[in-house]
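Only one structure is covered here, and it is reproduced in the block below.
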DNA sequence: CTTTATCTCGTACAATTGAACTAGTTCGCG
DNA sequence: CGCGAACTAGTTCAATTGTACGAGATAAAG
């Protein structure tokens, strides 16, 4: 076990991870530029957080000349799903449904996302229509 | 502002909140009984966390005789949705879709949940079918 | 080769968090 | 009323987190 038992992310670490996931050029300089623009974090702070994220196993480093490229170990989707699982475990299913409604109503989904999701739900409905 | 600007929950505070939301009898004793059963937390620790949650504004107290009843200020759904928003803000929408797929595939939804969600998606599809 | 700009890394330090002990108050029972 | 049980609230303490400085290494420029 504990293969994907990555240590839990703190608030500031999430911010850095989100930048790392979305950025093209993953040098510390570029990442800190983004974290400053998006969250007002200073350069030194970002570098410290990058180091801690490496220690925690969320980021791996690729040595390049003087420094590193910082590459995420898990995808954003996987990490967010894991966080959601932790949030939703042993809570009554109602929360999951309401959360999904909320996301839909927040416009988090594109038109094609909605279609895909409908298709997925269709397949589940077939299997479950004689249950609940 | 800052009406619903409740301070962010820590790991252990989430656990206590989840118990508080789900439990019937909200005396400290009953809550700590649950946190012990579910998470192995000791009685004193739970009471400390309850106190901090009151300080942070997530729980309000109702004096009853010797002690309090601990009542959540926001519903579980609202709090989880807020957490999800924070998690998903300024990330490309892809994460939201994948997260929803994940939850569906994890069986978080009942048959009737799925039907309701389908109905919701239908209404959105009508409005967006000529977009992307 | 020397200077200079960048990096990483160790360290620092206050605030927060996880966990727990204790003192002092109040309830319930005899 | 008096005693023990249960409760809250204040305090403690180590670990983690948020933020940041400075040292030493290395690349690039002259």
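Chains as they are written, first to last, in our numbering: chain A, 1 to 132; chain B, 1 to 132. Just so you know, even glycine gets a beta-carbon here, dropped at the ideal spot from N, CA and C.
Does residue i have its Cβ less than 8 Å from a Cβ in chain A?
i              : result
residue 46(B)  : no
residue 58(B)  : no
residue 36(B)  : no
residue 6(B)   : no
residue 53(B)  : no
residue 27(B)  : no
residue 104(B) : yes
residue 50(B)  : no
Taking 8 Å as the cut-off, decide whether the C-beta atoms of residue i and residue j are in contact.
i              : j              : result
residue 136(B) : residue 120(A) : The shown model of chain B, from 1 to 132, leaves out residue 136(B), and the question about it has no answer.
residue 48(B)  : residue 32(B)  : no
residue 17(A)  : residue 53(A)  : yes
residue 117(A) : residue 97(B)  : yes
residue 124(B) : residue 114(A) : yes
Near residue i, which residues of its chain fall below 6 Å by C-beta distance, leaving aside the five closest residues on each side in sequence?
i             : result
residue 60(A) : 71 and 73
residue 15(A) : 39
residue 43(B) : 32
To the nearest angstrom, how far is it from the Cα of residue i to the Cα of residue j?
i              : j              : result
residue 41(A)  : residue 65(A)  : 26 Å
residue 55(B)  : residue 9(B)   : 12 Å
residue 28(B)  : residue 58(B)  : 15 Å
residue 11(B)  : residue 112(B) : 31 Å
residue 23(A)  : residue 35(A)  : 11 Å
residue 7(A)   : residue 110(B) : 31 Å
residue 108(A) : residue 95(A)  : 18 Å
residue 50(A)  : residue 13(B)  : 26 Å
residue 78(A)  : residue 78(B)  : 23 Å
residue 92(B)  : residue 122(B) : 23 Å
residue 80(B)  : residue 80(A)  : 13 Å
Would you say residue i faces chain B, with C-beta separation under 8 Å as the test?
i              : result
residue 12(A)  : no
residue 92(A)  : yes
residue 30(A)  : no
residue 118(A) : yes
residue 172(A) : Residue 172(A) lies beyond the stretch modelled for chain A, which goes from 1 to 132, so this question has no answer here.
residue 74(A)  : no
residue 16(A)  : no
residue 9(A)   : no
residue 100(A) : yes
residue 23(A)  : no
Under 8 Å by Cβ, that's how I've got residue i and residue j pegged, so tell me the actual separation to the nearest angstrom.
i             : j              : result
residue 84(A) : residue 103(B) : 7 Å
residue 38(B) : residue 90(A)  : 7 Å
Excluding the 5 residues flanking residue i on each side, which residues of the same chain have their C-beta closer than 7 Å to its C-beta?
i              : result
residue 20(A)  : 26, 31, 59, 70 and 72
residue 62(B)  : 68, 69 and 71
residue 132(B) : Low confidence applies to residue 132(B): its pLDDT is 38, below 50, so where it sits in the model is not reliable enough to give any reading.
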